[in-house]
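To start, the structure itself, in structure tokens.
Protein chains: 2
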Amino acid sequence: MTKPLILVSNDDGITAPGLRVLVEIAKKIGRVIVVAPDGPQSGMGHAITVNQPLRVEQMDIFENAEAFQTTGTPVDCVKLAIDKLLITKPDLLLSGINHGNNSSINVIYSGTMSAAVEGAINGIPSIGFSLTDYSYHADFEPAVPYIEKIIHNLLQNPLPPNSLLNVNIPTTKNIKGIKVCRQANAKWEESFEERIDPYGRKYYWMIGNFVNIDNGEDTDVFALSQDYVSIVPTQYDLTDYKSISIVNNWNLNEK
Amino acid sequence: MTKPLILVSNDDGITAPGLRVLVEIAKKIGRVIVVAPDGPQSGMGHAITVNQPLRVEQMDIFENAEAFQTTGTPVDCVKLAIDKLLITKPDLLLSGINHGNNSSINVIYSGTMSAAVEGAINGIPSIGFSLTDYSYHADFEPAVPYIEKIIHNLLQNPLPPNSLLNVNIPTTKNIKGIKVCRQANAKWEESFEERIDPYGRKYYWMIGNFVNIDNGEDTDVFALSQDYVSIVPTQYDLTDYKSISIVNNWNLNEK
Chain A
1 MTKPLILVSN DDGITAPGLR VLVEIAKKIG RVIVVAPDGP QSGMGHAITV
51 NQPLRVEQMD IFENAEAFQT TGTPVDCVKL AIDKLLITKP DLLLSGINHG
101 NNSSINVIYS GTMSAAVEGA INGIPSIGFS LTDYSYHADF EPAVPYIEKI
151 IHNLLQNPLP PNSLLNVNIP TTKNIKGIKV CRQANAKWEE SFEERIDPYG
201 RKYYWMIGNF VNIDNGEDTD VFALSQDYVS IVPTQYDLTD YKSISIVNNW
251 NLNEK
Chain B
256 MTKPLILVSN DDGITAPGLR VLVEIAKKIG RVIVVAPDGP QSGMGHAITV
306 NQPLRVEQMD IFENAEAFQT TGTPVDCVKL AIDKLLITKP DLLLSGINHG
356 NNSSINVIYS GTMSAAVEGA INGIPSIGFS LTDYSYHADF EPAVPYIEKI
406 IHNLLQNPLP PNSLLNVNIP TTKNIKGIKV CRQANAKWEE SFEERIDPYG
456 RKYYWMIGNF VNIDNGEDTD VFALSQDYVS IVPTQYDLTD YKSISIVNNW
506 NLNEK
């Protein structure tokens, strides 16, 4: 049996330690190609580069894994990989390991998760992995056996089309297990810190405060708070089906 | 009764003609404040600016409407408006009118729709409007009565929390009416055009081909093809609920 072809990407950039850990895991399972941004692209969501051209450079930074850095977003990386850098469609897309939590509402701001969503749009079994520790020096070791177990399960049990996984791993040496969850309903309450530049002009730094407004014990935020790895099966149909009949009752087609 | 406070944003930038049309519509309904990017931000999805500070500048470009341009993304604009530029939470957020189609999968790449999603996250009734014409000189006039009708209906009939509207308007003088739809399952098949710069180095332009793989007659793509305005009630919980039981049957917690 041929080993699966695994595309690895992230949003922290090609030099991020979390990417390196994921590449090592992937190499035990299949042939690996890395296509990742040339610098940090956190918070890029599902952004694509439409007004600028992109550059791609082959990098010699991983043993036994081809690697390319691009000037694009995480989603650009996946598109470039599929269209230009790979001869065949990958059997698996792994994104991460993100330095920082992508549970709950973070999924829509996350470049790491958007790379995985782009994989699913292209019919590739895809997983985004995130550790709830923003530090460059985060300890990814306790996460490794859980990541391996989830990858092996996905390879053996394909998900329905359009479905992918959002996996978040708590920062603890005593992970209790894995819980399958729904996305918690939470939000970031931003405030902007106002500063004055050396030329007397105002500028603003975004500083956010994460607010969970969801008491459900079936959410990813709850599972992580209990030291479980959370898996949220994820999809990208944003239709609010329950509101279709509500809007159908409006007076939209009367003269 | 006080007139509603309406926040208007977009992703084509503060000088876009589509924004100007939406501002004129909004001024007939309420007090208007515009907070929009200082240049094109198409394809930015739900990107936020985390590694750079933001600048905001008050602009004197609309009669009877305060206006601010920012160096940020559409989502940054909404966050800045709520946190720094508005004293009270707006009663309504209108995003657009986008120069170009945001039906189907485009919703996740669209800065216009992401501004509206950010409004809904913050509990503001929100609508994103798009015209299926990418031209700067697009004719927005046939769209105006439909946009007004949809806004008036939303103000009279609040949607459930977390719900917003994605409205796309076909490019025709003979719009047949309005249909409430689901998001079509479609994708962009990208290819990248390779060029050589004056220094002999390769660079790539993304060029996409929209492929609708959904034959449903209840989709936004179908409604638009029949010259109807499409409304997709939209939400931002990406959980794939039908796959939770599937993943729960995997062997994830066995030793």
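Quick note, the sequences are listed as chains A and B, same order.
So for the first sequence, the numbering used here puts the first residue at 1; every next one is plus one.
So for the second sequence, the numbering used here puts the first residue at 256; every next one is plus one.
The beta-carbon is built from N, C-alpha and C at its ideal position, and this holds for glycine as well.
Since we're looking at a predicted model, the values are computed, not measured.
Query, Result
"Can the beta-carbon of A:Lys89 be found less than 8 Å from the beta-carbon of B:Met461?", "no"
"Verify whether the separation of the beta carbon atoms of A:Ala47 and A:Ser9 is less than 8 Å.", "no"
"Have a look at the DSSP bridge pairing and note the partners of A:Lys176.", "Note: A:Lys176 sits in no beta bridge, so no partner."
"In terms of residues, what are the limits of the alpha helix (DSSP H) holding B:Leu420?", "That residue, B:Leu420, is in no alpha helix (DSSP H); its beta strand (DSSP E) goes 419-424."
"What residue from A:Asp237, A:Gln235, A:Tyr236, A:Tyr228 has the CA that sits closest to B:Leu507's CA?", "A:Tyr228"
"With a threshold of 8 Å between beta-carbons, can A:Gly177 be considered close to chain B, or not?", "yes"
"My guess is that A:Ser243 and B:Pro295 are in contact by the Cβ rule of under 8 Å, so how many angstroms apart are they, rounded?", "Actually they are not in contact, since the Cβ atoms of A:Ser243 and B:Pro295 sit about 31 Å apart, beyond 8 Å."
"Can you tell me where the alpha helix (DSSP H) holding A:Phe62 begins and where it ends?", "That residue, A:Phe62, is in no alpha helix (DSSP H); it is neither H nor E in DSSP."
"Do A:Ile25 and A:Glu148 count as a contact pair if the criterion is CB distance below 8 Å?", "yes"
"Spell out the partners DSSP gives B:Gln560 in its beta bridges.", "Here chain B covers residues 256 to 510 and nothing more, so residue 560 of chain B does not appear."
"Since I believe B:Asp267 is in contact with B:Ser297 (beta carbons under 8 Å), could you give me their beta-carbon distance rounded to a whole number of angstroms?", "7 Å"
"Can you grab the Cα-Cα spacing for the pair B:Glu449 / A:Thr71, in whole Å?", "15 Å"
"Kindly indicate the opening and closing residues of the beta strand (DSSP E) around B:Thr489.", "483-489"
"Helix, strand or coil: which one does DSSP assign to A:Glu217?", "coil"
"Kindly list the residues whose CB is nearer than 7 Å to the CB of B:Val362, restricted to its own chain and excluding five residues on each side of it in sequence; keep chain order.", "Met368, Asn421, Gln438, Thr489"
"Can you look up B:Val516 in the DSSP assignment and give me helix, strand or coil?", "Residue 516 of chain B falls outside the range modelled here, since chain B spans only 256 to 510, and no answer is possible."
"To the nearest whole angstrom, what separates the beta carbons of B:Leu309 and B:His354, a pair I think is in contact under 8 Å?", "Not quite, the Cβ-Cβ distance comes to about 24 Å (not below 8 Å), so this is no contact."
"Along the chain, where does the beta strand (DSSP E) that runs through B:His392 open and close?", "Note, B:His392: premise wrong, no beta strand (DSSP E); not H, not E."
"What residue does the beta strand (DSSP E) around B:Glu373 start on, and which one ends it?", "Where B:Glu373 is concerned, there is no enclosing beta strand (DSSP E), although the alpha helix (DSSP H) it sits in stretches over 366-376."
"Can a CB atom of chain C be found closer than 8 Å to the CB of B:Ala478?", "You won't find chain C in this structure, because its protein chains are A and B."
"State buried or exposed for A:Ile6, treating a residue as buried only when at least 16 other CB atoms are found within 10 Å of its CB.", "buried"
"What is the DSSP secondary structure of B:Glu403, counted as helix, strand or coil?", "helix"
"Work out the CA separation of A:Gln58 and A:Thr247 for me, nearest whole Å.", "Before going on, a small fix: residue 247 of chain A reads as Val here, not Thr. If you take the alpha carbons of A:Val247 and A:Gln58, they lie about 51 Å apart."
"Would DSSP call A:Ala81 helix, strand or coil?", "helix"
"Which of the residues in the segment 195-219 of chain A, read from start to end, lie with their CB under 9 Å from any CB of chain B?", "Arg195, Asp197, Arg201, Lys202, Tyr203, Tyr204, Trp205, Met206, Gly208, Asp218"
"Hey, does A:Ser95 have any beta-carbon neighbour from chain B nearer than 8 Å?", "no"
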